[in-house]
Amino acid sequence: MSEPHRQRKRYPRMSTVELTKENFDQVVSDNDFVLIDFWASWCGPCRQFAPVYDSASERHPDLVFAKVDTEAQQELAAAFEIRSIPTLMIVRDNVAVFSQPGALPEAALEDVIGQARKLDMDEVRKSVEEQKRAAEAGEGLPETP
0 MSEPHRQRKR YPRMSTVELT KENFDQVVSD NDFVLIDFWA SWCGPCRQFA PVYDSASERH
60 PDLVFAKVDT EAQQELAAAF EIRSIPTLMI VRDNVAVFSQ PGALPEAALE DVIGQARKLD
120 MDEVRKSVEE QKRAAEAGEG LPETP
């Protein structure tokens, strides 16, 4: 049984929201669907992906599009084990449902957004819980030689 859907406030609409370690938790928890672009100013593919990402934010005003400058927010990038940029992450209902490095072309980004919209989050949460239980159950197993 899923918990009742709580009313979430919407982050003020901008083309993109700059995420920092100070506002990350609030932005992600206050919004049902957040796309996050991990990037750096020196990164050529990041600069190529930026207009594609910004254009998608204009086509999907109901979603929050956010950016993490991995140079300025090294702690945040490390917490998500970002090893390659750009990396796109999608968080729905506080669950990371997608994370992939690489500059996506416009059609691929639209496809990923569409797939993420169609996810049954009750099923996703159930799967996450099952994986947690399986991992916890496996902790007590003896090592095999």
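First residue of the sequence shown? That's 0 in numbering that gives the first Met the number 0, and the numbers climb one at a time after it. A virtual CB, placed ideally from N, CA and C, is assigned to each residue, including glycine. A quick note: this is a predicted structure, and the numbers were derived from the prediction, not measured.
- Message: Is it the case that the stretch 107–123 contacts the stretch 74–94, given that we only count it when at least three CB pairs across the two stretches are under 8 Å?
- Response: yes
- Paired residues, beta bridge with L87 - DSSP: Bridge partners of L87: D36 and Q99.
- Task: Would you kindly work out how many angstroms separate the C-alpha atoms of L34 and S83, rounded to a whole number?
- Result: 17 Å
- Item | Residues of its chain near C42, where Cβ-Cβ distance is below 6 Å and the 5 sequence neighbours each way are ignored | I84
- Task: Identify every run of the alpha helix (DSSP H) within the stretch 103–131, keeping only runs that are complete inside it and at least 4 residues long; order them along the chain.
- Result: 105–117
- Task: Work out the CA separation of A107 and V67 for me, nearest whole Å.
- Result: 21 Å
- Message: Nearest by alpha-carbon distance to T15: which of D31, A49 and D24 is it?
- Response: A49
- Query: Straight-line CA distance for A76 to K20?
  - Reply: 10 Å
- Could you name the residues that DSSP lists as bridge partners for K66? E17 and D36
- Below 8 Å between beta carbons: does that hold for V127 and V94? yes
- Query: By how many angstroms is the C-alpha of P44 removed from the C-alpha of E57?
  - Reply: 21 Å
- When burial is assigned at 16 or more other CB atoms within 10 Å of the CB, is E25 buried or exposed? Sequence inspection shows Gln at residue 25; the Glu mentioned does not correspond to that position. It is exposed - the Cβ of Q25 has fewer than 16 other Cβ atoms within 10 Å.
- Message: Which residue wins for smallest C-alpha separation from T69, given the options A136, E17 and A133?
- Response: E17
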